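Remarks on the structure that follows.
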Amino acid sequence: MNTLYILYVIIAYLFILYFLFAPYIKQHTHSALHQQYTTYLIASSLGNEEESGHSLQAKSRLQRKTLIQAIHSLISHTYDCPKDLIQLIVKQNNLQLYILKQLPYSTALQKYHLLSQLSSIIYDDTTIISQLKSYLNNRNRHIRTNALIAILAAKPSELITIISSLKFELQPLDIIHIIALIRQGSLFVVLEPLFESRNINLQKLALAIVRNFGIDIADKYIYGIISSEKNLTIVDDAIYTLTALKRPLKYKVLRKRVATSSEFQRKRLCRHLSVEGYSLQSIKAILDPAECQYAKRLITSYKGQLTQSQTV
Amino acid sequence: MYSVEIIFITTLAAITAIICYRTIHTTQVAQWRQAITNDLKGGNESIGFIGCSVITHDITRIKDIESLLSNTYNRYEVIIMLNSSTHSNTFRQIIKQYQLTIVNHSQPHSTPSYITELYRSANQTYRRLVLIDYSTTDIYSAINSAIEFASYDYIIPLQSNTLLLPHAIENIAITLSDTSNRNIQLIHNNTIAQCYVFQRDSILIHGGLSHDIITKIPRHSILHSNIAFAYRRDVKHSSIFITGLTILSLDALACALSTHAAIAFIVAITLVITASHFILQQWSVPNCSIKSILCQIRNLTTFFNSLKFNIS
């Protein structure tokens, strides 16, 4: 009894210590070194790249880990980071190899972080990419996505081939990650081949690019999808993209397509059109008058606000 | 006596072990979600066009309204319901603070209306805010009338003392887009505070919001989330009193049994409080006070309780 009791107290107090100190330890372990590396990286990218890059050395495991985190956070928060400098530091400190060695022995969450960090430091290397491809079949969707992002960052020119060969459908969250890569300047995309492809993932990506970068010359491609595509998810995505950009609507095409949607989808579209600022006439031209009652209430209230705003 | 002591300590150990397991599990889920939301920072796209309308009532503090309006997501609105006759000073203060003006609104003929006036802000900064002046003591009926003016697909009814966590709406959108089930009618979370996210059409199909609406929604359409969306600003004195009284009576029982049992009980309570504090820190819950921790303990103990929806 006594042994059990002592064991219970010891285990409980170990847990108490863990719960009490884990957040603080986690918070403060790397912060000083991280700050030092970040300052160094920023100064190096502004100054003489070659010289500064050579003097940044990470030897221990902790130093490498922190250096990778610093590079990742710098690249995630800047648009035009000097790639040559980063590549020099990565090669000099064997950071890619370090991450690849860590990957098989890490937990799912650690894998997620490591792959995300790898996408910031990766450069074109056939052996690394072939190893990363195994993670594209991972059960965890978020790990799959980050592996894809890392591969795309390493081989930006093969975007169409890589995405069209995917065995899974890209979700909105995955698309947001790819868009972030484009924003960082790590990925260059030509829109037409994406729209012309029959691959659902490429079409989704094309629509997201149009939406995010406000491309207003893609209407003909979007209407092409609305009128001919059989997959209703893509059609919905296309309609929402068009309306999110507040483009003029071709009522006939839209009405024909919306008629095939479910009642829930039509109501959702009605709300979306109202919020995006389309007039009641526009909505009536697409949906049945009975379905527009809700939009009428919402629009009346919104228009009231607009009128008041102009007079203030 | 000796066997009773063994049973007591074993039960206590089992309960604390369950609580610790649940703490670690929920923290891991929170860490995953934190990693995903951190990666999404900088993206200006709403996830899958998911939008939420937060409906709250009888909020009397400007600070709480500020907190509700400060969520980081681009497709959400906050509908505040306030009775101008009972809260005339607060009502005037809110109108002045947010430059609200009365907007025209047409009521649906099918349902009785409890809405006297509808206000929106002339200032675009506060475009998310809708103030409704209502005139009924039945809060469910008032909310059902307010839902008619909600612009988005998901409704979050909140109590007056419940506020949203900083990334709550983003987390709801991620939760919805992350699931393979496309017909989610309700998301339920009971980690820090009870929070329900209803699909707008689901409320209308089931005859409006009522205390027994959850029993009407099919189980396969309910998603239980481990991610906290909301927290309680204050905990009622009665619940603190009941929690305190329970702890004291159990402690007295433990003392009556033996010194071992009494110490084991104190260890268990310390562990539970520390674990709760750990969870709240991981979630970065604002106002993480002893009241919130007590609330967390109460929520941990009500884990196996059946679903109840109570707005008042």
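Those sequence lines, one after another, are chains D and Z. Per numbering that gives the first Met the number 0, residue 0 is the first one in the first sequence, and the count goes up by one each step. Per numbering that gives the first Met the number 0, residue 0 is the first one in the second sequence, and the count goes up by one each step. Just so you know, even glycine gets a beta-carbon here, dropped at the ideal spot from N, CA and C. Small disclaimer: the values here were computed from a predicted structure and weren't measured.
- For residue 190 of chain D against residue 208 of chain D, the beta-carbon gap comes to about 6 Å, under 8 Å, which counts as contact.
- The residue from Z/78, Z/250, Z/119 and Z/284 with its alpha-carbon nearest to that of residue 227 of chain Z is Z/284.
- Secondary structure note for residue 44 of chain D: its alpha helix (DSSP H) is the uninterrupted segment 30-45.
- Interface with chain Z (8 Å Cβ-Cβ cutoff): residue 169 of chain D is excluded.
- The C-beta of residue 112 of chain D has 16 or more other C-beta atoms within 10 Å across all chains shown, which makes the residue buried.
- For residue 269 of chain D, the uninterrupted alpha helix (DSSP H) run begins and ends at 262-274, by DSSP.
- By the 16-neighbour rule on beta-carbons within 10 angstroms, residue 156 of chain Z is buried.
- Comparing alpha carbon positions, the residue from D/263, D/94 and D/79 closest to residue 63 of chain D is D/94.
- Less than 8 Å separates the beta-carbon of residue 186 of chain Z from that of residue 224 of chain Z.
- The Cβ atoms of residue 202 of chain Z and residue 212 of chain Z sit closer than 8 Å to each other.
- Around the beta carbon of residue 288 of chain D, fewer than 16 other beta carbons sit within 10 angstroms, so the residue counts as exposed.
- In this chain, the alpha helix (DSSP H) harbouring residue 253 of chain D covers 250-257.
- Going by DSSP, residue 115 of chain Z is part of the beta strand (DSSP E) stretching over 114-120.
- For the region 135-179 of chain D, the full-length alpha helix (DSSP H) segments reaching 4 residues or more read 140-153 and 158-163 along the chain.
- Excluding sequence positions up to five before and after residue 131 of chain D, its CB lies within less than 7 Å of the CB of 146, 149 and 150, all in the same chain and listed in chain order.
- For the pair of segments examined, the region 28-44 of chain D was found to touch the region 58-74 of chain D: the number of CB pairs separated by less than 8 Å reaches three.
- Nearest CB-CB separation between residue 27 of chain D and chain Z: not below the 8 Å threshold.
- Residue pairing for residue 129 of chain Z: DSSP places it in a beta bridge opposite Z/78 and Z/119.
- When DSSP reads this structure, residue 188 of chain Z sits in a beta bridge with Z/194.
- Contact annotation: residue 256 of chain D and residue 226 of chain D have beta-carbon atoms nearer than 8 Å.
- Contact note: residue 239 of chain D reaches chain Z through 48, using a C-beta cutoff of 8 Å and chain order.
- Shown here, residue 51 of chain Z sits in a strand according to DSSP, grouped into three states.
- Beta-bridge analysis with DSSP links residue 231 of chain Z to Z/161.
- The CB of residue 274 of chain D comes closer than 7 Å to the CB of 150 in chain Z, given here in chain order.
- In the structure shown, residue 222 of chain Z falls within a strand segment according to DSSP collapsed to helix, strand and coil.
- Under the DSSP assignment, residue 136 of chain Z falls outside any beta strand (DSSP E); it carries neither an H nor an E label.
- Spatial neighbours of residue 243 of chain D in its own chain (CB-CB distance under 6 Å, excluding positions within 5 residues in sequence) are listed in chain order as 210.
- Membership of residue 10 of chain Z in the alpha helix (DSSP H) is indicated by the continuous run 1-39.
- Contact annotation, residue 61 of chain Z with residue 92 of chain Z: C-beta distance approximately 7 Å; criterion of less than 8 Å satisfied.
- In this structure, the alpha-carbon of residue 34 of chain D lies about 53 Å from that of residue 133 of chain Z.
- At a cut-off of 8 Å, the C-beta of residue 246 of chain Z has no neighbouring C-beta in chain D.
- A Cβ-Cβ distance of about 17 Å is found for the pair residue 151 of chain Z and residue 125 of chain Z, leaving them out of contact under the 8 Å criterion.
- Contacts with chain Z at 8 Å (Cβ-Cβ) include residue 11 of chain D.
- Note that the C-beta distance between residue 22 of chain Z and residue 274 of chain Z is below 8 Å.
- Beta-bridge analysis with DSSP links residue 56 of chain Z to Z/80.
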